[in-house]
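So the structure is just underneath, and the comments pick up after that.
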Amino acid sequence: MTAEACREWRESLGAYVLGRLPEDERAATRAHIEGCAACRGEAESLAPLAELMAKGDPAQLAASPAPPPALADQIAERIRGESRGRTHRRRRRRMVFGLSAATVAASAAVAGAIVLSSPDNQEPAQRVAFHSLPRGVEVAALVEPRSFGTEIRMQVSGMRSGTLCRVFLRRSDGVRVPAGSFRYRYSSGGPEQAVLTSALDLSEAEAVGLHAGPRTFVAPLGGGVTAGANSLTQPTTQEDET
0 MTAEACREWR ESLGAYVLGR LPEDERAATR AHIEGCAACR GEAESLAPLA ELMAKGDPAQ
60 LAASPAPPPA LADQIAERIR GESRGRTHRR RRRRMVFGLS AATVAASAAV AGAIVLSSPD
120 NQEPAQRVAF HSLPRGVEVA ALVEPRSFGT EIRMQVSGMR SGTLCRVFLR RSDGVRVPAG
180 SFRYRYSSGG PEQAVLTSAL DLSEAEAVGL HAGPRTFVAP LGGGVTAGAN SLTQPTTQED
240 ET
């Protein structure tokens, strides 16, 4: 074991060799010493001192000088500091374990969302094509219900490289629910695809929208076009950014 790991055990070695530990602590300390060569060596080095102390005659000892008035406060403060340090280390270990467990749980949830099909009572996936776009620009989206809301896969091409694209779903009351953003990067290999998510349930959305620079394009969602079907043909509206 490291010196840091044995620190608390070594604080008990003096009382152990003097036989002043309670029986349960003494048994635990004895078990640790049997398995730790460093602590066993220190206990063996303290044993002769314990024997000498038993032979001492208190009557022959001079009166002990009085400690400085602030010594007790200094010792207490140091003990509190070491205790806070141990508490912080234990809390940090618990935090790391908690984060690891949360990561595993999140990964399992994502894997489940990918493997499991959508329940029958959810809206089917829809492939949406944006029309009335500027010359050379193409935008399409695949919207699919998820347990957390809606997943949106945007495919964009033909825009100016570096354009900030912000995606949203629009409810029937006109409220826009953000689904994230990405910057379009030109690629000769084909349209760029971005995967975004919204907390809005797909059944509550009437349209999917895209802010691209100063322009906003909105394509209505239709009634249950599956991911494998042809693109929707509803007209796309273009709105100026305000």
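No gaps in the numbering here: position 120 of the sequence shown is 119 in numbering that gives the first Met the number 0, and each next residue is one more.
Every residue, glycine too, gets a C-beta built ideally from N, C-alpha and C.
Here the structure is a predicted model, which is why all the values come from computation and not from measurement.
DSSP places Ala-65 in no alpha helix (DSSP H); its state is neither H nor E. Boundaries of the beta strand (DSSP E) around His-210: 204-211. Look at Cys-38 here: in three-state DSSP terms it is helix. Comparing alpha carbon positions, the residue from Gly-221, Arg-170 and Leu-163 closest to Ala-193 is Leu-163. Per the coordinates, the alpha-carbon of Glu-191 lies some 31 Å from the alpha-carbon of Asp-172. If you compare the alpha carbons of Thr-149, Ala-140 and Ser-156 with that of Arg-134, the shortest gap goes to Ser-156.
Nearest to Ser-160 by C-alpha distance, out of Val-176, Tyr-15, Phe-216 and Tyr-185, is Tyr-185. Looking from the CA of Leu-209, the closest CA among Gly-189, Ala-198, His-130 and Leu-17 belongs to His-130. Minimum Cα-Cα distance from Gly-188 among the listed residues Gln-154, Pro-68, Pro-47 and His-31 corresponds to Gln-154. A direct Cα-to-Cα measurement between Met-158 and Arg-83 gives close to 56 Å. Going by DSSP, Leu-141 is part of the beta strand (DSSP E) stretching over 137-145. Secondary structure of Thr-28 (DSSP, three-state): helix.
Between Ala-139 and Ala-128, the gap from beta carbon to beta carbon is short of 7 Å. Of all alpha-carbon atoms in Thr-215, Gly-18, Glu-76 and Glu-205, the one lying nearest the alpha-carbon of Leu-48 is that of Gly-18. The secondary-structure analysis by DSSP pairs Pro-177 across a beta bridge with Phe-167.
If you compare the alpha carbons of Leu-199, Ala-65 and Leu-141 with that of Gly-148, the shortest gap goes to Leu-199.
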